[in-house]
Structures are given as C-alpha cells and as structure tokens.
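Below: the structure, in structure tokens.
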Amino acid sequence: MNLQEVLAYIVKALQQAQIRFGIGGSLLLAHHGLPVTPRDIDLVVALEDVERAIQLLSEMGTVVEHDETSLYATQVFQEFIIHDIDLDLMSGLRIRHDEGIFVYPFAEQTINETGPPFMSLVDWYVIYQLIPGREQKVVMIEHCLADQEVDRERLEQLRRLNLPQDVNNRIDQWLN
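The C-terminal residue of the sequence shown carries number 174 in this note's numbering, and the numbering is unbroken.
Dropping the structure here:
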C-alpha cells in the first residue's frame, strides 16, 4: 500500500470508531498544493480519544519505541508503522520554546469536514514556527495564506496562547 492508501485505511478505521482527530504535517501541506513530498502521517488526536486510537492503531500495525526529546512536552506521542508507512500520533500537543510551553488547543471545528479530516493550515503555521528547521515550510504556508482568506479568528485564538514574541509578531502581520 502507498501512503495515500494507508491514510485512507487509517482515516476510515478511526472515523468508524468515532475517534476525533486531524491530519497535519506534510500531508496537510501537500493537500494545500505546497511542494512537499509527504513520507509519513501526522495525526493529532483528541486527548479523550487517544487511548482508543492507540489501541486501534496498534491492531493495524506495529508500535515503535521512541526516545524522549526535550523540545516536545506532548502528553501522548506514539509512533506506528502501518503497511510500511510511519505514523506519528500526538495528543495533548505541547512544544517547549524559550519563553515557556505552547499548548495546542485541539479544536474539532478547525478540521475539514468534507473529505479527509485535514487540520487548519494556520494551526500548522504556528506549530511549524516552534519546531527548529521548519522555516522553509513556514514560508511556504505564508505564500499559500497570501492567496486565500486567512482564518483570523483562529489566528487570534492561537495568538493569545503562550508563544514566543517572534511568532506573535509574525501572526500580527496577518491580523493587521
């Protein structure tokens, strides 16, 4: 199975189990037509559903042991291999930065309701700014956002969270 087939297989299983989740990362960027080549699947799962999601994905593939990293303070992170495709599950997503910890507010209303449940591009605009080495993706998202209506309400919500000043400044450019 290729990545898109595995994604469809996983989405169908999670939706049938009524697990609340969204697709992010490079698959989200590719969905918006950005020039990236997705190699894995990044899922953000509602904290209340994470145990059921882990159980289901464990039955579908192999659980991968992983090392802790100091960048993330995510409550639940689990990696899986499903039909030779790497899947990263995150729940209670938190990212450390110089000025504290960003706590991602999982919000079902920001997830695409038609087709695969892709997360909001503005959410990953903020998330990628907090992860070292993702500046190219941030710039690609900025170019994409320039060609569409920006979800100002969501950006304002994210702006009120614990973010470094440089990220706030970048968000302010979209809000002003």
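A virtual CB, placed ideally from N, CA and C, is assigned to each residue, including glycine. Source: prediction; values computed, not measured.
Item: Using only alpha-carbon positions, find the residue among ASN167, LEU12, GLN2 and PHE19 that is nearest to LEU91.; Value: PHE19
Item: Please go through the same chain and pick out, in chain order, the residues whose beta-carbon is closer than 7 Å to the beta-carbon of VAL153, but skip the five residues on each side of it.; Value: In the sequence on display, residue 153 carries Leu and not Val. For LEU153, where only same-chain residues beyond five positions count, the Cβ hits under 7 Å are VAL120, ILE169, TRP172 and LEU173.
Item: Would you kindly work out how many angstroms separate the C-alpha atoms of PHE100 and VAL137, rounded to a whole number?; Value: 20 Å
Item: Among ASP84, GLU63, HIS81 and TYR126, which residue has its Cα nearest to the Cα of ILE93?; Value: TYR126
Item: Is VAL4 closer than 8 Å to ILE52 when the C-beta atoms are compared?; Value: no
Item: Since I believe ILE109 is in contact with MET117 (beta carbons under 8 Å), could you give me their beta-carbon distance rounded to a whole number of angstroms?; Value: 6 Å
Item: Going by other Cβ atoms of all chains shown within 10 Å of its Cβ, with 16 needed for buried, is THR72 buried or exposed?; Value: buried
Item: From PHE75 to VAL34, what does the alpha carbon distance come to, in whole angstroms?; Value: 23 Å
Item: Output the distance between the C-alpha atoms of SER56 and GLY113, rounded to the nearest integer angstrom.; Value: 24 Å
Item: Look at the alpha carbon of VAL115 and the alpha carbon of ILE21, and state the distance between them as a whole number of angstroms.; Value: A quick correction: the sequence has Pro, not Val, at residue 115. Going from the Cα of PRO115 to the Cα of ILE21 covers about 6 Å.
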